[in-house]
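Input: a single structure, listed below in structure tokens.
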Amino acid sequence: MTTDDGFAFSAHVPVRWSDMDAFGHINHARMVTLMEEARIQWLLSAGEEYQPLITSAMIVNVAIRYQAQLRHSDTPLHVGMWVSAFRSVDFTISYEIRGAQAPADSKPACVATTQMAVVDIEKHTLRRLSPDEKAHLAAWSRS
């Protein structure tokens, strides 16, 4: 399942003035929030069938590498996402983030990952991904 641009899902996220820092580029903490907005769009698009997966996933690790500045004029950000790995109890979403005017094949301004663990909400323990969930995550990989 990939979009025309080769990602499992693409989101366009507006940059707000409050996302900027004193140097005129997107603040690091705000970048995490912008990634969250894109990730939520994607996860909610999965449909009710995968609601148990979505509601039981929690972030255990975030990694971001900045390769160029992003400014307010780059709004909306194009955020391409895919599942780059999954194991028995977690999965990793990878991101390529570009400004609105950047060509799709250009070097991304930001590359990032979020590792999501799945938990049994009532027991407060990790749980294993079901075979159906693993198949769905595999379908979200990048081709």
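Going by my numbering, 17 is the number at position 16 of the sequence shown; the sequence numbering is gapless.
Beta carbons: idealized from backbone N, C-alpha and C, even for Gly.
- Take the alpha-carbon of Trp43 and the one of Val14: they are about 12 Å apart.
- Val16 carries a coil assignment under DSSP once its states are collapsed to helix, strand and coil.
- Proximity of the segment 127-134 to the segment 58-76 falls short of the contact definition, fewer than three beta-carbon pairs being nearer than 8 Å.
- Using a Cβ-Cβ distance cut-off of 8 Å, the segment 101-110 and the segment 134-143 are not in contact, since fewer than three pairs of beta carbons, one from each stretch, lie closer than that value.
- Taking 8 Å as the cut-off, the beta carbon of Val80 is found no closer than this to the beta carbon of Thr115.
- Only residues of its own chain outside the window of five on either side were considered, and among them Thr93, Leu130, Lys135, Leu138 and Ala139 have a CB closer than 8 Å to the CB of Phe87, listed in chain order.
- Apart from sequence neighbours up to five positions away, the residues of its chain that approach Ile27 with a beta-carbon distance below 6 Å are Asp20 and Leu71, ordered along the chain.
- Judged by DSSP in its simplified three-state form, Gln70 adopts coil rather than helix or strand.
- Counting only runs of 4 or more residues that sit fully inside the segment 16-60, the alpha helix (DSSP H) segments are 29-45 and 52-57, in chain order.
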